[in-house]
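**Student:** So that we are looking at the same thing, I have put the structure below in structure tokens.
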Amino acid sequence: MRLGMAYYGSYLPEHLEQDLTTIKNLGCEEVIITLSENDFHIMQGKLKFVPRIAHNLGLKLLANFWGYVCSFGGGRVSKLLTEKPQVWQVDREGKSVGMGCPNHPLVIETAQRMVDECIKYNYDGFFWDEPTRFDCYCKACQDKYYSLYGESLPRKVTPQLREFRNRTVIDYVQLMSDYVKKSRSSAETATCVMISDRETWEDVAKIPSLDSFGTDPYWLASDQPVSYVVRYSQEVVRLCRKNGKSSQVWLQCWSIPRGKEPEIYEAGKLIVAEKPDIIYTWAYRAGLGTNEESENPEEAWKYLVKTYQELAKL
454 MRLGMAYYGS
464 YLPEHLEQDL
474 TTIKNLGCEE
484 VIITLSENDF
494 HIMQGKLKFV
504 PRIAHNLGLK
514 LLANFWGYVC
524 SFGGGRVSKL
534 LTEKPQVWQV
544 DREGKSVGMG
554 CPNHPLVIET
564 AQRMVDECIK
574 YNYDGFFWDE
584 PTRFDCYCKA
594 CQDKYYSLYG
604 ESLPRKVTPQ
614 LREFRNRTVI
624 DYVQLMSDYV
634 KKSRSSAETA
644 TCVMISDRET
654 WEDVAKIPSL
664 DSFGTDPYWL
674 ASDQPVSYVV
684 RYSQEVVRLC
694 RKNGKSSQVW
704 LQCWSIPRGK
714 EPEIYEAGKL
724 IVAEKPDIIY
734 TWAYRAGLGT
744 NEESENPEEA
754 WKYLVKTYQE
764 LAKL
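This is the structure we're talking about:
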């Protein structure tokens with residue numbers, strides 16, 4: 454079993470080196486770097502400097518296009534949405550929604566150019582963060598639906614429409630993973646699909662170009678007891694073994710309510726008992742300085758450190 458950490462990060466190399474050294478000293482072998490669209494256009498230090506620093510420390514480095522087109526994970530600020538309103542989603546009343554549609558070709562093409570940039574800087578792999586289903590009726594969705602089913606995209610929910618929404622998640626992961634493997638076959642591809650999109654798990658885990666599959670059973674974010682992590686850890690491990698994938702389970706260390714910090718340690722022990730290939734944590738320093746900050750980030754981070762130090766000895 455390996456340990457990994459998600460990192461928001463700095464764009465200054467001296468701060469990146471300090472933080473990644475802390476992550477390495479926790480016993481981590483991998484780090485997922487959140488790269489927003491702004492990191493590709495304006496604040497490019499993180500994009501450029503992290504690979505050298507991570508590799509010098511012996512860390513595997515995966516790029517996460519965090520908040521890309523305001524549709525994947527958090528950190529939702531998008532240059533593409535600002536400049537290309539044609540990629541916006543459209544609701545069933547025909548109103549534009551400020552999120553990009555994964556079925557729009559320009560959304561895919563732009564993400565693939567971001568892959569090219571990361572490969573140029575020698576990233577080890579890519580992490581598709583929480584691809585999810587959207588109730589979108591844009592022209593790209595209408596055209597794709599018609600090409601698949603030979604009829605107009607319905608406004609009423611039907612089994613066929615649900616299948617189409619699931620297909621959007623599956624297709625995004627496959628298109629992006631296929632592109633990575635064609636660009637650099639040795640690059641790793643990974644995804645975390647939310648429990649709310651569990652209907653897609655079986656098909657996503659079968660994608661040949663995908664190396665690692667996981668989910669994020671964030672019990673506190675879901676207002677659940679800590680035992681919530683067990684069932685979904687079991688399902689991910691089973692599914693990955695069945696399909697020859699590496700299994701990953703995410704441990705919550707963000708938005709931890711005051712007094713709940715010991716549950717981080719409890720959840721970590723429950724997850725490791727199910728023997729996933731890797732445990733990842735969202736996120737470094739318990740989200741300090743972000744809108745995902747825990748109520749007592751220092752205390753939450755203390756319990757995360759305790760958890761990782763014990764797991765690193767196993």
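Offset between the sequence shown (1-based) and my numbering: plus 453.
Backbone N, C-alpha and C fix where the C-beta goes; we use that ideal spot for every residue, glycine too.
Source: prediction; values computed, not measured.
(1) Expressed to the nearest angstrom, what Euclidean distance is found between the alpha-carbon atoms of ASP650 and GLU467?
(2) List, from N- to C-terminal side, the beta strand (DSSP E) runs of 3 residues or more that fit wholly inside the region 588-665.
(3) Kindly list the residues whose CB is nearer than 7 angstroms to the CB of THR474, restricted to its own chain and excluding five residues on each side of it in sequence; keep chain order.
(4) Shortest alpha-carbon distance to GLY527 belongs to which of GLN762, GLU745 and LEU764?
(5) Any idea what DSSP makes of ASP577, helix, strand or coil?
(6) Cα-Cα, which of LYS501, PRO670, THR668 and VAL679 is closest to ILE486?
(7) Could you check how far apart the C-beta atoms of SER665 and ALA643 are, in whole angstroms? I think they sit under 8 angstroms.
(8) Who pairs with LYS513 in a beta bridge, going by DSSP?
(9) Hey, could you find the ends of the beta strand (DSSP E) TYR460 is sitting in?
(10) Could you spell out the range, first to last residue, of the beta strand (DSSP E) harbouring THR585?
(11) Which residue wins for smallest C-alpha separation from TRP581, given the options PRO538, ILE623 and TYR574?
(12) Give me, in chain order, the residues of the same chain whose beta-carbon lies closer than 6 angstroms to that of GLU727; leave out the 5 immediate sequence neighbours on both sides.
(13) Identify the continuous beta strand (DSSP E) that holds THR535 and give its terminal residues.
(14) Is LEU500 helix, strand or coil by DSSP?
(15) Decide yes or no for the touch test of the region 657-673 against the region 696-703: beta carbon pairs closer than 8 angstroms, at least 3 of them.
(16) May I have the straight-line CA-CA distance separating ASN749 from THR743, to the nearest angstrom?
(17) Measure from the alpha carbon of LEU534 to the alpha carbon of each residue in VAL682, HIS557, GLY547 and ARG545, then state which is nearest.
(18) Return yes when the Cβ of TRP541 is within less than 8 angstroms of the Cβ of VAL530, no when it is not.
(19) From this set, SER638, TRP707, VAL725 and ALA640, which residue's C-alpha is nearest SER680's C-alpha?
(20) For LYS548 and GLN471, what's the separation of their Cα atoms in angstroms?
**Tutor:** If we stick to the structure as given:
(1) Counting from 1 along the sequence shown, the entry for residue 650 is found at position 197. Counting from 1 along the sequence shown, the entry for residue 467 is found at position 14. Using only the alpha carbons, I get a separation of about 39 angstroms.
(2) 641-645
(3) Walking along the sequence shown from the start, residue 474 turns up at place 21. Around THR474: LEU510.
(4) Looking up residue 527 in the sequence shown gives position 74. The candidate whose alpha carbon is nearest that of GLY527 is GLU745.
(5) Along the sequence shown, read from residue 1 onward, the residue named residue 577 stands at position 124. Three-state result, ASP577: coil.
(6) Sequence index remark: in the sequence shown, residue 486 carries index 33 (1-based). Closest by alpha carbon: LYS501.
(7) Taking the sequence shown and counting its residues from 1, one reaches residue 665 at position 212. Taking the sequence shown and counting its residues from 1, one reaches residue 643 at position 190. Contact holds; Cβ gap of about 4 angstroms.
(8) Taking the sequence shown and counting its residues from 1, one reaches residue 513 at position 60. Paired residues: GLU483.
(9) Counting from one through the sequence shown, the residue named residue 460 turns up at place 7. Unbroken beta strand (DSSP E) run through TYR460: 455-460.
(10) The sequence position of residue 585 within the sequence shown is 132, counting from 1. Where THR585 is concerned, there is no enclosing beta strand (DSSP E), given that its DSSP letter is neither H nor E.
(11) The residue you call residue 581 lines up with position 128 of the sequence shown. Per the Cα distances, ILE623.
(12) The residue you call residue 727 lines up with position 274 of the sequence shown. Excluding residues within five positions, the ones whose Cβ falls inside 6 angstroms are SER686, GLN687 and VAL690.
(13) Here residue 535 refers to the residue found at position 82 when the sequence shown is read from its first residue. First-last for THR535: 532-536, but that is the alpha helix (DSSP H), not the beta strand (DSSP E).
(14) As a working note, residue 500 is residue 47 in the sequence shown. Three-state result, LEU500: helix.
(15) Segments in contact, yes.
(16) Within the sequence shown, numbered from 1, the residue matching residue 749 stands at position 296. Within the sequence shown, numbered from 1, the residue matching residue 743 stands at position 290. The alpha-carbon atoms of ASN749 and THR743 are separated by roughly 13 angstroms.
(17) Reading the sequence shown from its first residue, position 81 is the one you call residue 534. For the residues VAL682, HIS557, GLY547 and ARG545, the minimum Cα distance to LEU534 belongs to HIS557.
(18) Taking the sequence shown and counting its residues from 1, the one referred to as residue 530 is at position 77. Taking the sequence shown and counting its residues from 1, the one referred to as residue 541 is at position 88. No, Cβ-Cβ distance for VAL530 and TRP541 is not below 8 angstroms.
(19) For the purposes of this step, residue 680 is identified with residue 227 of the sequence shown, where counting begins at 1. Of the listed residues, the one whose Cα sits closest to SER680 is VAL725.
(20) Along the sequence shown, read from residue 1 onward, the residue named residue 548 stands at position 95. Along the sequence shown, read from residue 1 onward, the residue named residue 471 stands at position 18. One C-alpha to the other measures close to 46 angstroms.
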